[in-house]
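Peer 1: Let me give you the structure first, and then I'll get to my questions.
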Amino acid sequence: MLCQFTVRNYKSIREEMTFDMQATAIMEHRDRIIQTEDGENFLPVSVIYGPNGGGKSNVLEALHTLDAKVLRPLCATCDKSECQYKARKIPVEPFAFSEETKKEPTEFEVFFRTRIAEYRYILHVKQELVVFESLDRVKLDTGRRSALFVRNGNQVELKGVFGKIKISEEISENLPLLSYLGITYKKNDVISDVIEWFEESIDFLNYGNPRQELRTAIAKTEEVKRLVLDMIREMDLDIEDFRIEEKEENRIEVYTKHTVNGYSTELTLSEESSGTKKLFGLLPFIARSLVVGTTLVIDELDAKIHPVLLRYVIMLFNDMEINKNGAQLIFTSHDLSTMNNDVFRRDEIWFVAKGKEQNSKLYSLVEFKNKKGESVRMDAKYDKQYLEGKYGADPYLKTIIDWSEVNA
């Protein structure tokens, strides 16, 4: 589970920006939160709105970049298709419109939970070089907090349960210590717990990457496939069943079964409509997230999905009878049909807009206050007020008109 993510000096993000999945103490939809055994409350859904070019995709890309920076060294020698995708190099790009920021590191900080602990991982990277790194944890059964390691330049200090671990004196400056430990001590319980979160518990789906969309092989899991079929039937796509066939060179082919007037036949996915193809690139990820309890991150979820289907997907995550394992859906969107208090809590709606110096600003609806210091009411018409530019992130402008109106 993702708890909180902070980034500074990344692409359009100049100042420190924090995206928070912790539920605030507000009144609406209190039955739509993930409640942990230790009494913490987290959000199952969050959406980021903003104009094209405002920087909303950069928030998700920053999180993806951190994930890739950790996993790339582990996947470099793997020959599976999913490993090849994760092994590709993603550059860490600082804020471009300042000579000062170009010389400073990009800073990432993430809080996340596994079944046994909550971790805080910090990584500062300057021109691909790791300049600072640390890992802390809180054990969920005891509440005990402890530092695990701190790396400052070439100086590494292993602490707590990592105190007896031996490491090389010549770790590459490009290699995160966490990645090194994942390669060298993958059987260590704590290290494997942390690495498994990056590998399995957070997933990124980008409609601009066809190879990633074709990862429908995950639907071979019967529980996932059953949920995919249930969703297909709910959407009335006239598909009775589907199967996945492995091909050479890690390729897969998807066959869909249709029955017309008692006659059944199969079509390949390439023969289906573009909308059906898109759903088959999306639904297995949705199903797996709900079944396993992962955090699913999607840029432009509304890109080729009908607003009715978009609402349906969101409500799957909001339904705690269906979402029993703490799955989370985080996405960017332009669709206003779902921007209302029936679908979202105020702390689940975020906005991104740019300041006059091309720097993106992130803030949530629950934090927003107008000039009078008044918060947005839970019964407000969010979509109408957004279109009127009352929340600062004007949907038609790359920059906001009056930055002083934003109280983040």
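Heads up: the sequence shown at position 173 corresponds to 762 in the numbering used here, and the numbers run straight through without jumps. Quick reminder that beta carbons are idealized off the backbone N, C-alpha and C, glycines included. Computed from a predicted structure; not experimentally measured.
(1) Please classify D931: is it buried, with 16 or more other beta-carbons within 10 angstroms of its beta-carbon, or exposed?
(2) Consult DSSP for Y844 and reduce its assignment to one of helix, strand or coil.
(3) For L737 versus K753, is the C-beta spacing smaller than 7 Å?
(4) How about L649 and F594: do their beta carbons lie closer than 7 Å?
(5) Would you identify the three-state DSSP class for M904, choosing helix, strand or coil?
(6) Quick check: S922 and V636, are their CB atoms within less than 7 Å of each other?
(7) A736 lies in the alpha helix (DSSP H); which residues open and close that run?
(8) Quick check on DSSP: helix, strand or coil for A876?
(9) Under 8 Å by Cβ, that's how I've got D924 and F874 pegged, so tell me the actual separation to the nearest angstrom.
(10) Taking the Cβ atom as the reference point for each residue, do D936 and V955 lie within a distance shorter than 7 Å?
(11) Where does D725 fall in DSSP's three states?
(12) With burial defined as no fewer than 16 other Cβ atoms inside 10 Å of the residue's Cβ, what is the status of T845: buried or exposed?
(13) When the cut-off is 7 Å and only beta carbons count, does L868 lie next to chain D?
(14) Mapping DSSP to helix, strand and coil, what is T854?
(15) Going by DSSP, what residue range makes up the alpha helix (DSSP H) through L663?
(16) Would you call the segment 596-605 in contact with the segment 693-704, where contact means no fewer than 3 C-beta pairs closer than 8 Å?
(17) For my contact list, M590 and R702 are in at a C-beta cut-off of 8 Å; report their separation, rounded to the angstrom.
(18) Assuming the contact rule is C-beta atoms closer than 8 Å, I602 and N647 should be a hit. Round their C-beta distance to whole Å, please.
(19) Within 10 angstroms of its Cβ, does D725 collect 16 or more other Cβ (buried), or is it exposed?
(20) So, for E812: in the same chain, excluding its five sequence neighbours on each side, which residues have a beta-carbon less than 6 Å away from its beta-carbon?
(21) So, at 7 Å on beta carbons, what are the nonlocal neighbours of G797 in its own chain, with the 5 sequence-adjacent residues on each side left out?
(22) Alpha carbon to alpha carbon, how far is T654 from A685?
(23) Pick helix, strand or coil for L885, following the three-state DSSP scheme.
(24) So for S757, helix, strand or coil by DSSP?
(25) I need the straight-line Cα distance from E689 to Q744, nearest angstrom please.
(26) If you run the structure through DSSP and keep just helix, strand and coil, what is I569?
(27) Just reading off the beta strand (DSSP E) that R832 is part of, what are its end residues?
(28) Could you please give the first and the last residue of the uninterrupted alpha helix (DSSP H) stretch that includes V813?
(29) Helix, strand or coil: which one does DSSP assign to Y774?
(30) Just to confirm the assignment, what range does the alpha helix (DSSP H) spanning K715 have?
(31) If I'm right that F869 touches L858 with Cβ under 8 Å, what's the distance once you round it to whole angstroms?
(32) Let's test the definition: count the other Cβ atoms within 10 Å of the Cβ of N948 and tell me whether it reaches 16, buried, or not, exposed.
(33) Which of helix, strand or coil does DSSP assign to E696?
Peer 2: In short:
(1) So D931 ends up on the exposed side.
(2) strand
(3) Cβ atoms of L737 and K753: not closer than 7 Å.
(4) No, these two residues do not count as a Cβ contact at 7 Å.
(5) helix
(6) Yes, Cβ-Cβ distance for S922 and V636 is below 7 Å.
(7) Here A736 belongs to no alpha helix (DSSP H); instead the beta strand (DSSP E) covers R734 to N741.
(8) helix
(9) Rounded, the Cβ-Cβ distance is 18 Å, inconsistent with contact.
(10) yes
(11) strand
(12) Its Cβ being crowded by 16 or more others within 10 Å, T845 is buried.
(13) Note that chain D does not occur in the displayed structure, where there is just one protein chain.
(14) T854 falls in the strand class under three-state DSSP.
(15) Annotation for L663: the continuous alpha helix (DSSP H) segment containing it runs K645 to C664.
(16) The segment 596-605 vs the segment 693-704: in contact.
(17) 4 Å
(18) 6 Å
(19) By the 10 Å Cβ count, D725 comes out buried.
(20) V880.
(21) Residue placement at G797 is flagged as unreliable, the pLDDT there being 48, under the threshold of 50; a coordinate-derived value is accordingly withheld.
(22) 17 Å
(23) strand
(24) DSSP places S757 in the coil class of the three-state scheme, outside both helix and strand.
(25) 25 Å
(26) The structure shown does not extend to residue 569, since the chain is modelled only from 590 to 997, so the question has no answer here.
(27) D830 to E835
(28) E811 to E823
(29) coil
(30) Where K715 is concerned, there is no enclosing alpha helix (DSSP H), although the beta strand (DSSP E) it sits in stretches over A706 to K715.
(31) Right, their Cβ atoms sit about 6 Å apart.
(32) buried
(33) Looking at E696 - three-state DSSP - the assignment turns out to be strand.
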